[in-house]
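Chains as they are written, first to last, in our numbering: chain C, 3 to 302; chain W, 3 to 302; chain A, 3 to 302; chain L, 3 to 302. Don't be surprised by glycine CBs; every beta carbon is placed ideally from N, CA and C.
Number of protein chains: 4
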Amino acid sequence: MTLTQNAPDQHSVQPAADQAVLIVHGRDRTGIVAAISAVLGRHGANIVSLDQYSDNPHGGAFFQRTVFGRAGLRAALPAIEADLRTELSGDFELEWQIRDLSVPKRVAIFASKADHCLLDLLWRHRRGELPINISMVISNHATTADEVRSFGIPFFHVPSQGKDKSAAEAQHLQLLTGNVDFVVLARYMQILSGEFIERVGVPIINIHHSFLPAFIGADPYAKAAQRGVKLVGATAHYVTEDLDEGPIIEQDVVRVNHAHSVVELRRQGADVERAVLSRAVLWHAEDRVIRHGNHTIVFQ
Amino acid sequence: MTLTQNAPDQHSVQPAADQAVLIVHGRDRTGIVAAISAVLGRHGANIVSLDQYSDNPHGGAFFQRTVFGRAGLRAALPAIEADLRTELSGDFELEWQIRDLSVPKRVAIFASKADHCLLDLLWRHRRGELPINISMVISNHATTADEVRSFGIPFFHVPSQGKDKSAAEAQHLQLLTGNVDFVVLARYMQILSGEFIERVGVPIINIHHSFLPAFIGADPYAKAAQRGVKLVGATAHYVTEDLDEGPIIEQDVVRVNHAHSVVELRRQGADVERAVLSRAVLWHAEDRVIRHGNHTIVFQ
Amino acid sequence: MTLTQNAPDQHSVQPAADQAVLIVHGRDRTGIVAAISAVLGRHGANIVSLDQYSDNPHGGAFFQRTVFGRAGLRAALPAIEADLRTELSGDFELEWQIRDLSVPKRVAIFASKADHCLLDLLWRHRRGELPINISMVISNHATTADEVRSFGIPFFHVPSQGKDKSAAEAQHLQLLTGNVDFVVLARYMQILSGEFIERVGVPIINIHHSFLPAFIGADPYAKAAQRGVKLVGATAHYVTEDLDEGPIIEQDVVRVNHAHSVVELRRQGADVERAVLSRAVLWHAEDRVIRHGNHTIVFQ
Amino acid sequence: MTLTQNAPDQHSVQPAADQAVLIVHGRDRTGIVAAISAVLGRHGANIVSLDQYSDNPHGGAFFQRTVFGRAGLRAALPAIEADLRTELSGDFELEWQIRDLSVPKRVAIFASKADHCLLDLLWRHRRGELPINISMVISNHATTADEVRSFGIPFFHVPSQGKDKSAAEAQHLQLLTGNVDFVVLARYMQILSGEFIERVGVPIINIHHSFLPAFIGADPYAKAAQRGVKLVGATAHYVTEDLDEGPIIEQDVVRVNHAHSVVELRRQGADVERAVLSRAVLWHAEDRVIRHGNHTIVFQ
């Protein structure tokens with residue numbers, strides 16, 4: 003037992019005032035890093051962190067995440083962007099975007115009856131662990147309404163029964179359009195249509211309750227018990243039209259044994275699910291994840 | 003993303019009706035297992051699980067945890083106990099106790115400003131993951147009162163400032179005496195006096211925010227950052243008069259690196275703390291932990 | 003840096019003189035533990051360790067591993083076995099076997115060009131970590147012959163090219179029959195015919211270089227890189243006619259990221275493979291693994 | 003079991019021809035990254051990977067590791083170095099060095115009776131996992147001489163008994179001076195004098211058989227067993243005059259329990275020791291580790 007009379011116990015992710023993140027990806031060639039850092043230098047911006055990855059330095063795919071800062075950044079951003087446009091779009095086959103880190107991304111969380119992933123995100127957000135703005139929670143069950151609202155977050159109940167989800171998805175689109183920068187499926191357990199994924203137009207992160215690609219589809223813990231595996235896990239991935247096949251952001255596992263029933267696997271797995279999902283949401287919120295084909299580059 | 007139309011999502015630890023746990027420890031010798039299982043057999047009790055450990059089969063210390071069951075167990079327990087008394091107390095230098103598993107242990111949780119361990123226990127309890135009865139939460143700060151009470155659990159604010167804790171401890175004893183079977187210090191951050199530990203008369207579990215015996219005492223994350231370790235951890239242990247020296251129940255760690263500030267170590271560590279504490283509470287609640295000198299035997 | 007002037011550095015698994023292991027499995031019912039421990043007690047045998055598991059105490063499957071000892075055990079074993087036969091075969095639907103732990107199991111290791119799993123087993127065996135007797139190494143390549151023989155172990159080169167493995171398998175059977183208690187495929191990379199598996203008549207342990215059931219079949223690290231997983235693993239399992247579908251003994255994983263090439267995944271995975279295989283071999287050698295349908299009960 | 007008929011099984015770290023690594027550290031200020039990348043760009047060098055860390059962007063400590071390449075690198079290096087000298091030494095308080103990655107670092111391994119860390123390094127080196135040149139093995143016992151020499155590596159037996167190590171250390175210096183770029187203590191178990199550390203003039207990596215700072219000094223596994231910890235670990239660190247207090251490079255742990263004897267803890271720990279040491283050696287060999295006070299920056 004420990005006495006820490008005066009030690010503060012702050013866990014908050016400090017608001018990154020006067021900092022922005024620049025993501026660049028495209029074809030690798032000599033001089034990209036130099037060009038970017040020269041632009042930042044000209045505008046008096048200091049590089050806070052720089053991560054770079056190339057899958058082949060001779061014309062492969064190039065990825066760079068740069069966090070930079072200076073006093074009065076917001077006012078300076080347009081000029082920095084204009085300068086980067088000149089430097090990067092001429093010579094290089096590159097895509098890039100800049101985001102002001104003082105403005106948190108807005109997210110909608112979709113949930114169902116199982117509340118562990120939902121509550122973990124709400125609770126981490128309240129502790130200041132997640133630099134996000136939770137715009138709303140949408141659930142096909144009303145069971146968590148009071149709990150969600152006690153966090154000061156709007157809750158919308160959109161039932162989704164039967165095979166035809168089009169009415170529910172229309173409601174979803176109405177709620178989401180213009181209001182969110184990404185969506186998190188916190189054990190939502192409903193398949194989203196390809197049309198919805200396209201129309202919503204923002205990244206969707208799902209937590210799958212297995213170590214993908216093992217146990218794709220429904221009820222993975224029952225399948226895991228049946229196969230007699232010695233580890234169960236969870237996978238956070240971006241949602242694509244192909245069920246459970248989207249780019250993986252994060253995975254983890256926990257050791258189990260013959261004595262664990264399916265109920266116990268679910269309980270153990272629930273801890274992994276919420277840990278994995280919270281990491282994926284944090285990394286996405288901080289623009290640490292770059293999609294590339296069916297892969298992700300994660301700059302931790 | 004997964005469709006699990008009909009899969010129930012239950013995590014509850016089922017109430018173990020008609021089951022009891024028998025803990026036996028003492029000097030090892032031939033025939034203990036046979037004697038115990040013979041008694042249980044005579045009373046028609048089936049052995050559900052049996053764990054046994056001896057640190058030296060030739061007269062070392064012997065430990066056995068046996069879960070057994072039969073229909074109408076509660077009515078049969080007195081006769082089983084009487085029979086065990088006859089069998090075990092004559093020939094063997096053994097201590098033993100039986101507990102009816104349908105009656106959950108009563109616990110008081112002590113907390114302070116940091117709420118992550120407290121909330122994790124309350125939340126797991128509500129999900130049915132912990133077979134305990136949370137009698138009350140006691141805190142030296144009122145900050146978590148509303149949250150705790152929203153779980154339907156009594157909250158008592160007992161300030162504890164200055165060096166003299168005797169008034170606070172007197173209040174604690176008044177609240178606890180007769181009402182709890184064990185106490186959990188969920189980042190309580192106050193030293194308990196030896197007198198209090200003795201008078202409260204029930205086991206006290208503490209979570210220390212380091213991998214003991216590294217970083218004993220105050221502010222271990224700052225010490226960890228200063229030492230440049232590559233893992234930080236947490237340790238659940240029984241409280242004794244010697245600060246951070248009691249028998250360890252459970253430990254775990256998480257990987258960190260040079261880029262983690264003290265704030266970030268605290269955040270990462272907080273996840274380990276609550277995971278480790280919840281496992282220690284679960285195992286204690288299920289009588290899986292046997293104290294032996296300054297060690298624990300944990301039958302998982 | 004540490005000075006340990008007088009500290010011995012022994013890692014050897016001590017030869018378990020005068021100890022035997024009893025494995026019992028069958029239909030659960032009241033009184034099995036009592037019957038077994040009574041028999042052992044009558045013969046003056048002390049229970050060194052006892053592990054028990056039942057998947058359902060009301061007539062489910064029951065598994066028990068009991069290590070017991072007494073002076074002059076070998077001479078006493080026939081009488082103990084006779085007594086157990088009387089006690090267990092009458093009333094109970096149980097199978098059981100006893101093994102004298104002073105006699106290590108004999109094993110043949112099959113290998114191919116990749117030598118990491120093979121060398122790890124040879125090296126652990128020399129250090130005294132594995133209570134086995136390595137009768138021979140069989141390989142379809144001659145490359146490791148000198149290395150194997152330098153450990154004092156016979157090496158047999160049995161080429162196995164083309165689709166028809168029957169000639170090779172006939173040679174294998176000639177070498178193995180009567181000489182080994184189990185076979186280990188240490189990255190042997192050749193499919194064994196169902197006929198061979200049946201005729202060899204002893205358990206065969208394989209190490210698969212993925213976290214099964216993910217990436218069944220050939221070249222799992224390439225598949226893992228293609229899928230963009232964040233963990234790669236290995237699986238030790240008993241070989242059955244169904245490729246990569248046999249009962250899993252042990253699994254583990256290691257964290258990887260986007261920057262790891264397939265070559266690097268193989269290198270990282272190689273460490274997991276040898277760790278997982280060595281644990282599976284140790285547990286099998288100590289009769290800690292009980293097969294039950296397509297599962298294993300592992301008493302660690 | 004897997005058939006991989008044609009899959010190569012190569013694990014070798016490819017020799018990085020035409021690549022060099024540049025390490026820069028010093029006081030952070032605007033423009034360092036730009037200046038370095040501009041110089042590399044002017045010389046037609048492509049940045050293969052770039053890692054950067056600053057403990058405070060406003061004048062804190064700055065660290066950068068850059069791997070770059072171009073055809074005919076060796077011939078171009080002097081000009082690149084001259085250019086960097088001009089750019090970096092004028093304006094910035096920076097230290098930097100460049101190393102041609104096609105020339106592996108030369109290492110001497112010190113060992114004693116325990117051979118697990120030594121053999122693991124020799125074996126990984128032979129597999130091509132470690133881009134090092136093992137110049138010699140020095141041991142205070144002759145027991146591993148044959149084994150070491152079978153790897154084609156010189157073995158020197160330098161006894162080191164009694165309190166006065168000066169004769170042994172004089173021999174060590176004679177063997178090492180001019181011949182090695184770093185030294186690895188692979189469970190050498192002898193304290194090196196401050197004078198030796200200073201005179202040898204190259205980094206020394208030690209593996210300590212505990213999770214430092216827990217269990218500093220001799221016989222940590224016995225201490226771990228006594229304290230009843232639930233994890234044991236190992237720590238690779240640079241050797242300084244203060245015993246077990248040098249900058250930590252890497253650490254890891256493994257789960258243990260009450261049933262593990264000291265012998266078993268040593269066996270489990272040995273696996274962690276060799277894994278941790280091999281990672282530390284790899285990272286040091288690739289210039290991924292930068293010492294900063296009593297810390298390390300490790301760019302993985």
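- Sorting W:G164, W:R128, W:Q176 and W:A169 by C-alpha distance to the C-alpha of G154 of chain W places W:R128 at the top.
- Within the same chain, and ignoring the five residues on either side of R189 of chain A in sequence, the residues whose Cβ sits closer than 8 Å to its Cβ are A113, S114, A116, H118, C119, L120, I209, H211 and E275.
- Here R76 of chain L has D102 as same chain residues with Cβ atoms under 7 Å from its own Cβ, once five neighbours each way along the sequence are excluded.
- G235 of chain C is positioned such that its CB atom lies closer than 9 Å to that of V278 of chain C.
- Closer than 9 Å to the CB of T146 of chain W there is not a single CB belonging to chain L.
- Nearest C-alpha to Y240 of chain C among C:D221, C:F217, C:V256 and C:H286: C:H286.
- Under the three-state reduction of DSSP, E97 of chain A is assigned to strand.
- Legend: CB atoms of the segment 247 to 271 of chain C lying less than 7 Å from CB atoms of chain A belong to residues P249, I250, E252, Q253, V255, N259, H260 and A261.
- In the DSSP assignment, the residues bridged to G28 of chain W are W:F64 and W:L96.
- For the set A:Q99, A:I100, A:A144 and A:F157, the Cα lying nearest the Cα of L124 of chain A is the one of A:F157.
- For the pair I111 of chain A and F64 of chain A, the CB atoms are not nearer than the 9 Å cut-off.
- For L279 of chain A, no CB of chain C lies under 9 Å from its own CB, so it is not counted at the interface with that chain.
- In the structure shown, F70 of chain C falls within a strand segment according to DSSP collapsed to helix, strand and coil.
- The Cβ atoms of S56 of chain C and V69 of chain C lie no closer than 9 Å to each other.
- Take A47 of chain W, set aside five residues on each side of it, and the residues of its chain with a beta-carbon closer than 6 Å to its own are F70 and R72, in chain order.
- For Y55 of chain L, the beta-bridge partners assigned by DSSP are L:F65.
- For T68 of chain C, the closest Cβ of chain A is not nearer than 9 Å.
- A direct Cα-to-Cα measurement between V186 of chain W and V185 of chain C gives close to 38 Å.
- Here the C-alpha atom of R293 of chain C lies approximately 17 Å from the C-alpha atom of S263 of chain A.
- With a threshold of 16 other beta carbon atoms within 10 Å, S91 of chain L falls short and is exposed.
- At a cut-off of 9 Å between beta carbons, P106 of chain A makes no contact with chain C.
- In terms of Cα proximity to S152 of chain L, the closest of L:Q54, L:M138, L:S280 and L:D244 is L:M138.
- For G235 of chain A, the enclosing beta strand (DSSP E) covers residues L233 to Y240.
- In the DSSP annotation of this structure, D254 of chain A is not part of any alpha helix (DSSP H); the continuous beta strand (DSSP E) holding it starts and ends at I250 to R257.
- Close partners of G33 of chain A in chain W (Cβ separation under 7 Å): G43.
- Counted as a single uninterrupted DSSP element, the stretch harbouring R293 of chain C is not any alpha helix (DSSP H) but the beta strand (DSSP E) occupying residues V291 to H294.
- Taken through DSSP and simplified to helix, strand or coil, L214 of chain L comes out as coil.
- Neighbourhood of Y55 of chain L in chain W, by CB distance below 7 Å: H260 and A261, in chain order.
- Annotated as distal: V255 of chain C and F198 of chain C, with beta-carbon spacing of 9 Å or more.
- A residue is called buried when at least 16 other Cβ atoms come within 10 angstroms of its Cβ; G62 of chain L does not meet this threshold and is exposed.
- Between the C-alpha atoms of F217 of chain L and D85 of chain C there is a straight-line separation of about 56 Å.
- If you ignore the 5 residues before and after V182 of chain C, its C-beta comes within less than 7 Å of the C-beta of R108, V109, A110, S137 and V204, all in its own chain and listed in chain order.
- Between I206 of chain L and A282 of chain L, the C-beta gap is not smaller than 9 Å, which leaves the two residues out of contact.
- For G71 of chain L, the closest Cβ of chain C is nearer than 9 Å.
- The beta carbons of K232 of chain L and E252 of chain W sit about 6 Å from each other, so the pair counts as a contact at 8 Å.
- Apart from the 5 residues on each side of it in sequence, R257 of chain L sits with its Cβ closer than 8 Å to the Cβ of K232 and L233 in its chain, given in chain order.
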